[in-house]
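**Q** Here the protein sequences come in this chain order: A and B.
The letter at position 200 of the first sequence is residue 203 when you use my numbering, and the numbering goes up by one with no holes.
The letter at position 374 of the second sequence is residue 389 when you use my numbering, and the numbering goes up by one with no holes.
Heads up, the beta-carbon is just placed ideally off N, CA and C, and yes, glycines get one too.
Since this is a predicted model, take the numbers as computed values, not measurements.
Below is one structure. I have some questions about it.
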Amino acid sequence: MGKLIAQRLLAMIPLLLVVAIVVFALFSFIPVDVASVILGQSGTLEDRERLNSELGLDRPAWERFFEWLAGAVRGDFGTSYITRRPVLDTVATGLPITLSLVVGGLAIAVVVGIAVGITAALRPGSWLDRIFTGGASIFQAIPEFWLGLLLVWLIAVQLGWLPAGGFVDFGRNPGGWLERMILPWLTIALGPASQIARITRTGMIDQLQSQYVRALIARGTPFPRVVFRYALKNALLPVVALAGLLLALLLGSSFVIEGIFALPGLGSEVIDALGDGDLPVLQASIVLVAFFVILSNLLVDVAIGLINPKVRPQ
Amino acid sequence: MHALRPPERLIVYTKRSTAVTVAMFAAASLLIAGCTSAPTETAESGDGPSGVFRFGINFDLTSWNPMLAPNLTYVQLPYEGLVALGGDGFSVVPQLATEWVEDEDSITFTLRDDVTFHDGTPFTADAAIANIEHIQESGTEWAGGLSAIGAMTAIDDYTFELELVAPNPSLLFNLASRGNVMISPEALESGSWETEPVGTGPYILNADETVTSSVYVFDVSEDYYALDEVGPERVEIHYIGDGAQRYNAVLTGAVDAARIGPEVVAEAESAGLGVETWTVLRYHTFFFDSGVGGRFEDPLVRQAICYAYPFEDINQAQYEGTLEQPSQRLLEVDPAYVPELEAYPYDLDRARDLLAEAGNPTVSFTIPFPEGQEAAYALKQESFNAAGFDVTLEPMSSPQYFSSYLTGEYPLVFNTSTSEDGGMYNYYKIRFAEDGGLNPLGVQPSADLVSLFDSAVAAESDDEQIDAFKEMNTYISENALDCGFMDISQTVAYSPDTIAGVDVVDFSPSSVIYKSVDLIG
Numbered sequence: 004m005g006k007l008i009a010q011r012l013l014a015m016i017p018l019l020l021v022v023a024i025v026v027f028a029l030f031s032f033i034p035v036d037v038a039s040v041i042l043g044q045s046g047t048l049e050d051r052e053r054l055n056s057e058l059g060l061d062r063p064a065w066e067r068f069f070e071w072l073a074g075a076v077r078g079d080f081g082t083s084y085i086t087r088r089p090v091l092d093t094v095a096t097g098l099p100i101t102l103s104l105v106v107g108g109l110a111i112a113v114v115v116g117i118a119v120g121i122t123a124a125l126r127p128g129s130w131l132d133r134i135f136t137g138g139a140s141i142f143q144a145i146p147e148f149w150l151g152l153l154l155v156w157l158i159a160v161q162l163g164w165l166p167a168g169g170f171v172d173f174g175r176n177p178g179g180w181l182e183r184m185i186l187p188w189l190t191i192a193l194g195p196a197s198q199i200a201r202i203t204r205t206g207m208i209d210q211l212q213s214q215y216v217r218a219l220i221a222r223g224t225p226f227p228r229v230v231f232r233y234a235l236k237n238a239l240l241p242v243v244a245l246a247g248l249l250l251a252l253l254l255g256s257s258f259v260i261e262g263i264f265a266l267p268g269l270g271s272e273v274i275d276a277l278g279d280g281d282l283p284v285l286q287a288s289i290v291l292v293a294f295f296v297i298l299s300n301l302l303v304d305v306a307i308g309l310i311n312p313k314v315r316p317q
Numbered sequence: 016m017h018a019l020r021p022p023e024r025l026i027v028y029t030k031r032s033t034a035v036t037v038a039m040f041a042a043a044s045l046l047i048a049g050c051t052s053a054p055t056e057t058a059e060s061g062d063g064p065s066g067v068f069r070f071g072i073n074f075d076l077t078s079w080n081p082m083l084a085p086n087l088t089y090v091q092l093p094y095e096g097l098v099a100l101g102g103d104g105f106s107v108v109p110q111l112a113t114e115w116v117e118d119e120d121s122i123t124f125t126l127r128d129d130v131t132f133h134d135g136t137p138f139t140a141d142a143a144i145a146n147i148e149h150i151q152e153s154g155t156e157w158a159g160g161l162s163a164i165g166a167m168t169a170i171d172d173y174t175f176e177l178e179l180v181a182p183n184p185s186l187l188f189n190l191a192s193r194g195n196v197m198i199s200p201e202a203l204e205s206g207s208w209e210t211e212p213v214g215t216g217p218y219i220l221n222a223d224e225t226v227t228s229s230v231y232v233f234d235v236s237e238d239y240y241a242l243d244e245v246g247p248e249r250v251e252i253h254y255i256g257d258g259a260q261r262y263n264a265v266l267t268g269a270v271d272a273a274r275i276g277p278e279v280v281a282e283a284e285s286a287g288l289g290v291e292t293w294t295v296l297r298y299h300t301f302f303f304d305s306g307v308g309g310r311f312e313d314p315l316v317r318q319a320i321c322y323a324y325p326f327e328d329i330n331q332a333q334y335e336g337t338l339e340q341p342s343q344r345l346l347e348v349d350p351a352y353v354p355e356l357e358a359y360p361y362d363l364d365r366a367r368d369l370l371a372e373a374g375n376p377t378v379s380f381t382i383p384f385p386e387g388q389e390a391a392y393a394l395k396q397e398s399f400n401a402a403g404f405d406v407t408l409e410p411m412s413s414p415q416y417f418s419s420y421l422t423g424e425y426p427l428v429f430n431t432s433t434s435e436d437g438g439m440y441n442y443y444k445i446r447f448a449e450d451g452g453l454n455p456l457g458v459q460p461s462a463d464l465v466s467l468f469d470s471a472v473a474a475e476s477d478d479e480q481i482d483a484f485k486e487m488n489t490y491i492s493e494n495a496l497d498c499g500f501m502d503i504s505q506t507v508a509y510s511p512d513t514i515a516g517v518d519v520v521d522f523s524p525s526s527v528i529y530k531s532v533d534l535i536g
C-alpha cells in the first residue's frame with residue numbers, strides 16, 4: 004500500500020504540469036486587456052500599454068509560463084494582476100472556505116445518504132422506502148443553484164431561521180460561522196446524498212439477501228451486527244468510490260454555491276479572475292483544484308483497500 | 016421480492032437511534048443560538064458617532080488606488096478631497112479646503128487647520144501639493160483633468176496657490192471627483208497607499224476584522240475633525256454579488272441597506288422596506304467614426320440614428336420604465352443647460368427619410384455591449400435595421416467590454432463618462448477634442464465647434480462663457496453630434512427599522528454618504 008501511495012504521488016507531478024500548461028494556454032487566449040480592466044475608463048492608451056508592460060504581459064507566453072513554473076516550484080505563485088496581492092494570499096484565504104463547504108457538504112451527504120439508504124433497504128417496498136426513493140430522485144434532479152435559492156427563500160426569508168448568506172470567520176464567531184454554513188451545506192449535499200442513498204440502498208438489499216447473511220442470521224448473530232458489521236461493510240465499497248467522484252464534482256459545484264451565498268471562497272475568486280483575465284490567480288487555483296481531485300482519487304483507493312483488502316489496488 | 020423484515024429489537028434500536036439523532040439536533044440548535052453574534056448594535060442617543068451601519072454592495076474592492084477602477088463605495092470612507100460634490104452632482108462645496116479665490120490665472124485655497132491623516136501626519140498645504148503632483152504624474156484621466164495646473168506654491172501651512180497654464184472652468188469639479196482625494200504623503204512615499212488607505216476621512220479600515228471579498232469593516236476615526244457630523248461609529252460593507260441575495264440580506268436584516276435592481280423595487284416597497292432612487296449616469300451615443308470618410312460623417316446619417324433610437328421600448332424592456340430621457344448631455348443644474356433643446360423623438364419614418372436624403376448609403380457596423388444588456392441592445396439593433404442600417408451586435412463580458420469599446424474598433428457605442436458631468440469644458444475636451452479620452456479615432460471636431468469652444472475659453476466674463484457654452488450645446492444637438500440620452504438610476508433598499516434613510520449624490524454611482532446615515536436607536 005505504501006508503494007502504491009508513493010507511486011501515485013509521483014504520478015501526480017506530470018499530471019499537474021499538464022493541467023498547468025493547458026490552463027495557461029487556454030486562458031492566454033481570453034480577449035481581455037488586463038490593463039483596461041484595472042484602469043476602468045481611466046487612463047490613456049499609453050497608460051494601458053505601460054501597465055501591461057509592468058505586468059509583463061508584453062513578453063512571450065512561453066517565457067511567462069516558465070517564469071511562473073519556476074516560482075510555483077518554490078511555492079511562489081506570483082501576484083494577482085488586479086489586486087497586486089500575492090496569489091498565495093488569495094488562495095490561502097479562499098481555499099479553507101471552499102474546503103469547509105465541500106468537505107462539510109460531503110460529510111453530510113455521506114452520513115445522510117448512508118442513513119437513508121440503510122433505512123430504505125431495511126424496509127424495501129414500504130411507504131418509507133418509496134418516500135426516500137422518490138425524494139432521492141427529486142433532489143438528484145434539482146439544479147443546485149435553484150435548490151440554494153429555494154432554501155434561502157424558505158428558511159431565511161420566510162421562516163427567518165438562518166441567515167440568507169454571508170461569511171463569518173470561525174475563529175471570531177464559531178456559532179455565526181456555523182449558522183451561515185448550514186444552508187450552503189444543505190444545498191451542496193442534498194443531491195449527492197440522494198445518489199449515495201440510492202447506491203447504499205441497492206447495495207444493502209443485495210447484501211441482506213445474500214447467502215452469507217442468511218447464514219449469519221440462522222446462526223443467531225444479532226441483526227444489527229449483521230447489518231452494520233457485515234452487510235454495510237461490503238455495501239460501502241461503491242459508496243466510497245462514489246464519494247471520491249463526488250468530491251471532485253462538489254469542488255465544481257462550490258463555485259456556483261459560493262456566489263449564491265456570498266462566500267468568499269476559491270470559487271468566487273476563480274470566477275472574478277476569469278472575468279478580469281487575472282491569469283496568476285486562475286492558474287494557481289485550477290492547479291490546486293486539480294491537486295485535490297487527484298488526491299481525493301488516491302484517498303478513495305486507499306480507503307477501498309482498507310475496507311476490503313481483497314480488492315486493494317496493486 | 017420478499018421484503019426482508021428485521022427482528023423487533025432492530026426496530027427498537029432504530030427508534031432509539033432516531034431519538035438520539037433528534038436530541039443531538041436539538042442540542043446543536045441550542046449551541047447555534049447560544050454562540051451566534053449579538054444582535055446588531057443600534058445607535059444610542061447622545062453625542063458622537065454610535066452604532067453599526069451594514070451596507071450590501073454588488074462589487075468587490077480590487078484596489079485602494081482611487082484613480083483606478085470605480086471604487087467610490089470604498090474610497091469615500093477613508094478619503095476626502097480638497098472639495099466635494101454637492102448633492103446635485105455638479106456644484107462644488109468645501110471639504111478639506113474651506114474656501115478658495117479664483118482669478119484669471121490662479122486659484123488660492125485656504126485649508127482646514129485641524130486635519131490629520133490617519134497615520135498622524137498633519138494635512139497641510141505641502142501635503143495637498145504633493146497629492147496634486149502625484150495625480151498629475153499618474154498618466155490617468157485624472158491627470159488630464161488637472162492639466163491646466165502649472166506651478167503650485169505653499170503660501171503658508173494652510174494656504175496654497177495653483178497657477179493655471181490654461182483656463183479650465185471644470186477644474187474645481189475635477190478636484191471634487193473620486194481620483195483627486197488626499198492621501199498621506201508618507202503613504203505616497205512608501206508606496207503603501209495602493210494596498211492600505213491612509214486618508215483624512217471619517218473612517219479607518221479595520222484590517223483585522225475585514226474578510227477580503229466578503230465584508231470590509233471601517234471604524235470611525237476618533238481624530239476626525241467633524242465627529243459631530245458622523246452618525247455610525249462603524250460601517251461594514253458586505254460584498255454580495257448576487258442581486259437576489261442582496262435583496263434577501265436587507266429583507267432578513269443581515270444588512271441595513273443594499274443596492275437593489277429595478278426589478279425588485281416594487282417588491283421591496285410592498286415588503287415595507289424604504290427605497291431611495293437617484294440618477295447616477297447619463298448614457299449617450301458615441302459616434303466615434305464621424306470623421307472624414309467615416310460612417311457617421313454625414314449629419315443626416317447621425318440624425319437617422321437619433322430618430323431610430325427606441326428609448327421607450329428600452330425603458331420598458333430593460334429598466335421597468337424607470338429611465339428618464341434627457342435632451343442633452345449637460346446636467347439640468349449646469350448653467351449652460353439649454354431648456355429649449357428637445358430629445359430626438361422616436362420616429363422610424365423620419366429616420367428612413369433622412370437616410371434617403373443622405374443617398375441611402377450602406378452603413379454597416381457592429382455594436383459591442385456588456386452582459387446584462389441583451390434586451391436593450393436587441394431593441395436597438397432591430398430599430399436601426401428597420402430604419403435602413405445594417406447592425407450586428409457583439410455581446411461580451413463586462414471586463415471585456417470595458418477593455419474593448421475604446422480601442423477604435425467599433426464605430427459607434429453607447430456609454431458615458433462621469434467626468435463629462437463637469438460641464439461643457441470637460442464634455443468637449445473628453446469627447447470631441449482630437450486627443451480626447453473618448454475620441455479613440457482622433458476625429459477632428461468641426462471648425463465651428465472648435466471656434467465656439469475657443470470663444471468660450473477666451474470669454475471675459477462668466478456670463479459670456481456660459482452663453483458660448485450654450486451655443487456649443489445647441490450646435491451639438493442640431494448637428495446630432497450626440498443623442499440617445501438616457502438617465503440610469505440606482506436604488507438602495509433599506510430597513511426603516513434600523514435607519515431613517517440614506518443621503519446620496521446625484522450622478523455619482525454608489526455614492527451613499529455613510530457618515531450621514533441616521534441609525535435608529
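Which full runs of the alpha helix (DSSP H) of 4+ residues lie inside the segment 279-328 of chain B, going along the chain?
**A** The segment 279-328 of chain B contains these whole alpha helix (DSSP H) runs: 280-285, 314-322.
**Q** Is it the case that the Cβ atoms of B:Ile252 and B:Thr513 are separated by a distance below 9 Å?
**A** Taking 9 Å as the Cβ cut-off, B:Ile252 and B:Thr513 do not qualify as a contacting pair.
**Q** Which partner residues does A:Ile41 have in the DSSP bridge list?
**A** None, per the DSSP bridge assignment.
**Q** In chain order, what residues of the same chain have a beta carbon less than 7 Å from the beta carbon of B:Ser379, not counting five sequence neighbours either side?
**A** These residues qualify, in order along the chain: Asp405.
**Q** Could you tell me which residues DSSP pairs with B:His149 in its beta bridges?
**A** Answer is none; B:His149 lacks a bridge partner.
**Q** Name, please, each residue of chain B whose Cβ falls closer than 9 Å to the Cβ of A:Asp275.
**A** Those are Asp75, Thr77, Ser228, Gly256, listed as they occur along chain B.
**Q** Bridge partners for B:Pro137 per DSSP, in chain order?
**A** B:Thr131, per the DSSP bridge assignment.
**Q** Between B:Leu190 and chain A, is the shortest Cβ-Cβ distance under 9 Å, so that the two count as touching?
**A** By this cut-off, B:Leu190 is not an interface position.
**Q** Quick check on the burial criterion: 16 or more other C-beta atoms within 10 angstroms. Buried or exposed for B:Val230?
**A** Flag for B:Val230 reads buried.
**Q** Report the residues of the segment 257-272 of chain B with a CB closer than 8 Å to any CB of chain A, ordered along the chain.
**A** Listed by position, the residues of the segment 257-272 of chain B near chain A (Cβ gap below 8 Å) are Asp257, Ala259, Gln260, Asn263, Ala264, Leu266, Thr267, Ala269.
**Q** Would you mind working out which of A:Ala306, A:Val296, A:Gly278, A:Glu147 sits nearest A:Phe32, comparing C-alpha positions?
**A** When each option's Cα is compared against that of A:Phe32, the closest is A:Gly278.
**Q** Between B:Ala143, B:Thr506, B:Val517, B:Glu449, which has its C-alpha nearest B:Ala281's C-alpha?
**A** Here the closest residue by C-alpha is B:Thr506.
**Q** Quick one: is B:Glu59 buried, meaning 16 or more other Cβ sit within 10 Å of its Cβ, or exposed?
**A** Summary for B:Glu59: the model assigns pLDDT 42, below 50, so the residue's position carries little reliability, and this model does not support an answer.
**Q** Is there a C-beta anywhere in chain A that falls below 9 Å from the one on B:Leu83?
**A** By this cut-off, B:Leu83 is an interface position.
**Q** Take A:Val40 as the anchor and find which of B:Glu224, B:Gly66, B:Asp62, B:Leu83 has the nearest alpha-carbon.
**A** Here the closest residue by C-alpha is B:Leu83.
**Q** For B:Ser523, decide whether its Cβ has a neighbour in chain A, counting only Cβ atoms nearer than 9 Å.
**A** Cβ-Cβ to chain A under 9 Å: no for B:Ser523.
**Q** Which residues in the same chain as A:Pro267 place their Cβ atom closer than 8 Å to its Cβ, once the five residues preceding and following it in sequence are excluded?
**A** Excluding positions up to five away in sequence, the list reads Thr96, Gly97, Ile100, Phe170, Glu261.
**Q** Using a C-beta cutoff of 9 Å, does B:His253 count as contacting chain A?
**A** It does: the Cβ of B:His253 has a partner Cβ on chain A nearer than 9 Å.
**Q** List the residues of chain B whose Cβ lies closer than 7 Å to the Cβ of A:Pro89, in chain order.
**A** In chain order: nothing, as chain B lies at least about 11 Å away.
**Q** Who are the near neighbours of B:Leu467 in its chain, counting only those whose CB is closer than 8 Å to its CB and skipping five residues on each side?
**A** For B:Leu467, where only same-chain residues beyond five positions count, the Cβ hits under 8 Å are Ala483, Glu486, Met487, Tyr490.
**Q** Report the CB separation of A:Val290 from A:Val115 in whole angstroms; it is logged as a contact under 8 Å.
**A** About 32 Å; that fails the 8 Å criterion.
**Q** Closest Cβ-Cβ distance between B:Val517 and chain A: below 9 Å?
**A** Not one chain A Cβ lies under 9 Å of B:Val517.
**Q** For B:Glu502, which residues does DSSP report across the bridge?
**A** Correcting the residue type first, residue 502 of chain B is Asp in the shown sequence and not Glu. Paired residues: B:Arg297, B:Glu339.
**Q** If you draw a straight line from the C-alpha of B:Ala515 to the C-alpha of B:Ala241, how long is it?
**A** For B:Ala515 and B:Ala241, the distance between alpha carbons rounds to 21 Å.
**Q** Could you pull the DSSP bridge partners for B:Gly96 from this structure?
**A** B:Val196.
**Q** For the beta strand (DSSP E) that B:Ala272 lies in, which residues bound it at each end?
**A** Residues 272-275.
**Q** Around the C-beta of A:Pro63, are 16 or more other C-beta atoms found within 10 angstroms, so that it is buried, or is it exposed?
**A** A:Pro63 is exposed by the Cβ-count criterion.
**Q** Use the C-beta contact count for B:Ile445: other C-beta atoms within 10 angstroms, 16 or more gives buried, fewer gives exposed.
**A** It is buried - the Cβ of B:Ile445 has at least 16 other Cβ atoms within 10 Å.
**Q** Out of B:Leu534, B:Asp533, B:Val519, point me to the one whose CA is closest to B:Val527's CA.
**A** Considering only alpha carbons, the answer is B:Val519.
**Q** Would you give the residue range spanned by the alpha helix (DSSP H) that B:Asp368 belongs to?
**A** 363-372 is the span of the alpha helix (DSSP H), which, as asked, contains B:Asp368.
**Q** Where DSSP assigns a beta bridge to B:Asn430, which residues make up the other side?
**A** According to DSSP, B:Asn430 bridges with B:His299.
**Q** Which residues, in order along the segment 194-225 of chain B, keep a beta-carbon less than 8 Å from a beta-carbon of chain A?
**A** The residues in question are Gly194, Glu209, Thr210, Glu224.
**Q** State yes or no: is the beta carbon of A:Ser271 nearer than 9 Å to at least one beta carbon in chain B?
**A** Interface residue, yes.
**Q** Taking all protein chains shown into account, do 16 or more other C-beta atoms lie within 10 angstroms of the C-beta of B:Arg317, making it buried, or fewer, making it exposed?
**A** Buried.
**Q** Select from B:Leu315, B:Thr123, B:Gly159, B:Pro511 the residue whose C-alpha is nearest the C-alpha of B:Ala140.
**A** Cα-wise, what sits closest to B:Ala140 is B:Thr123.
**Q** Pull up the distance between the alpha-carbon of B:Gly194 and that of B:Tyr416, whole angstroms please.
**A** Rounded to whole angstroms, B:Gly194 to B:Tyr416 spans 22 Å at the Cα level.
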